[in-house]
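Colleague: Residue numbers (our numbering): 876 to 1253. All C-beta atoms, glycine included, are put in the ideal place defined by N, C-alpha and C. Can you read through this structure? Questions will come right after.
Spelled out as structure tokens, the structure:
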């Protein structure tokens, strides 16, 4: 893989490895995933070998395979199209494990469209999704039916309410929050705020709770297709595209009026339901500014979201400048995608993409060639 990792960062990496060295493999991998993604987002593409060789107590084969898989998925996210053969050549001793792991990823990418889950998740970063053997029977009071997907920070399940027999989607974090901690209290407060959001073009949050110190949300199970799937292999009529975005914009305005920002509006987070209505999902990155909050929002939330649709101030992690207008920018990116079939930002490697987003240098020429919707001319 092309390496954009500089020697000046070696000391920082050594300190990080020394810090997590005593942890069990599972805990080390969780920390490595977080560090791996953060560095890639800064343009530091640290090879898996660079991490692995620094441990005095080597990672086990399964953990090393997870670390390698994290790199594989990050390469996919930035359009580098790695192959199993390339990774097998770098890690011949792990050939069988790696190929099996990559087959799992391909299965998620090629699933039929049928009854799709609200977030349409695919495996986004370094972790093999839970298997039938590891699938929990229950999460809180909800009976688990199947795994819908696995992302960088959470697993998403299809489940059933035990008494109402209502199907729900459970999004459970991989983070463990200590009982009585400030983080847990904030999670519960913000979960309640999300549960109060009730709009025809939002997927409802029905419940928030903690299972084994891992917070989770229970949301409506919506049958439909996300906008990536809805718009696949066809050019949408300009007025249809504008109408979809207008409905989502009204839902976003409703959320803003209640002090909630989304901060990750993108095609994968909009579902077209069975009634052909668009529904915005996944306030997982949302920020809250309700009347009861004491003090400012977090000073430096870090880089989070989807860069291809991200506002420049969000890419620059300028917390004081992030606001409702950041979501409005992403709504414009959504319309751009529906009109052109591509996101407003494209670039590789990740460092190049990040530079474009920070500077607000989106692909103006592409949009100039598109038909202007009648709804926007009025």
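Bridge partners for residue 1095 per DSSP, in chain order?
Modeller: In the DSSP output, where bridge partners are listed per residue, residue 1095 has 1043.
Colleague: Please report how far the alpha carbon of residue 904 lies from the alpha carbon of residue 1117, in whole angstroms.
Modeller: Their Cα atoms are separated by approximately 43 Å.
Colleague: Got a sec, what are the start and stop residues for the alpha helix (DSSP H) residue 1138 sits in?
Modeller: Per DSSP, residue 1138 belongs to no alpha helix (DSSP H) and is neither H nor E.
Colleague: Relative to the C-alpha of residue 1142, which residue among 1228, 1212, 948 is closest?
Modeller: Selected option, being the one with the closest Cα: 1212.
Colleague: Pick out whichever of 946, 949, 899 has its Cα sitting closest to the Cα of residue 933.
Modeller: Out of 946, 949, 899, 899 has the C-alpha closest to the C-alpha of residue 933.
Colleague: With which residues is residue 1025 paired in a DSSP beta bridge?
Modeller: According to DSSP, residue 1025 bridges with 1030.
Colleague: Which same chain residues end up closer than 8 Å to residue 1091 when comparing Cβ atoms and leaving out the 5 residues on each side of it in sequence?
Modeller: 1014, 1015, 1045, 1046, 1047, 1048, 1083, 1084, 1085.
Colleague: In angstroms with no decimal places, state the Cα-to-Cα distance between residue 1020 and residue 1033.
Modeller: Straight-line Cα distance between these residues: approximately 6 Å.
Colleague: To which residues does DSSP link residue 1101 through a beta bridge?
Modeller: 1146, per the DSSP bridge assignment.
Colleague: Which residues in the same chain as residue 1099 place their Cβ atom closer than 7 Å to its Cβ, once the five residues preceding and following it in sequence are excluded?
Modeller: Answer for residue 1099: 991, 1146, 1147, 1148, 1149, listed in chain order.
Colleague: Use the C-beta contact count for residue 1218: other C-beta atoms within 10 angstroms, 16 or more gives buried, fewer gives exposed.
Modeller: It is buried - the Cβ of residue 1218 has at least 16 other Cβ atoms within 10 Å.
Colleague: Is it true that the CB of residue 1068 sits closer than 7 Å to the CB of residue 1126?
Modeller: No; because the gap between Cβ atoms is not below 7 Å, this pair is not in contact.
Colleague: Within a Cβ cutoff of 6 Å, which residues of the same chain sit near residue 1201, ignoring the five residues on either side of it in sequence?
Modeller: 1186, 1189, listed in sequence order.
Colleague: Within the same chain, show all residues whose beta-carbon is closer than 7 Å to that of residue 1204, passing over the 5 residues directly before and after it, in chain order.
Modeller: Around residue 1204: 1186.
Colleague: Taking the alpha-carbon positions, what's the residue 1230 to residue 955 distance?
Modeller: One C-alpha to the other measures close to 18 Å.
Colleague: Where does residue 953 sit, in a helix, a strand or coil, going by DSSP?
Modeller: Residue 953: coil per DSSP, three-state reduction.
Colleague: May I ask you to verify whether the stretch 939 to 950 touches the stretch 963 to 978, counting CB pairs closer than 8 Å and requiring at least 3?
Modeller: Enough Cβ pairs lie closer than 8 Å, so yes.
Colleague: Residue 946 and residue 923 - do their beta-carbons sit closer together than 7 Å?
Modeller: Taking 7 Å as the Cβ cut-off, residue 923 and residue 946 qualify as a contacting pair.
Colleague: What does the Cβ neighbour count give for residue 1012, buried or exposed, with the cut at 16 atoms within 10 Å?
Modeller: Per the 10 Å Cβ criterion, exposed.
Colleague: Do you know offhand how far residue 1194's Cα is from residue 1137's?
Modeller: Approximately 14 Å, taken between the alpha carbons.
Colleague: In chain order, what residues of the same chain lie with their CB nearer than 7 Å to the CB of residue 936, ignoring the 5 residues before and after it?
Modeller: Within the same chain, residue 936 has close Cβ partners 969, 972.
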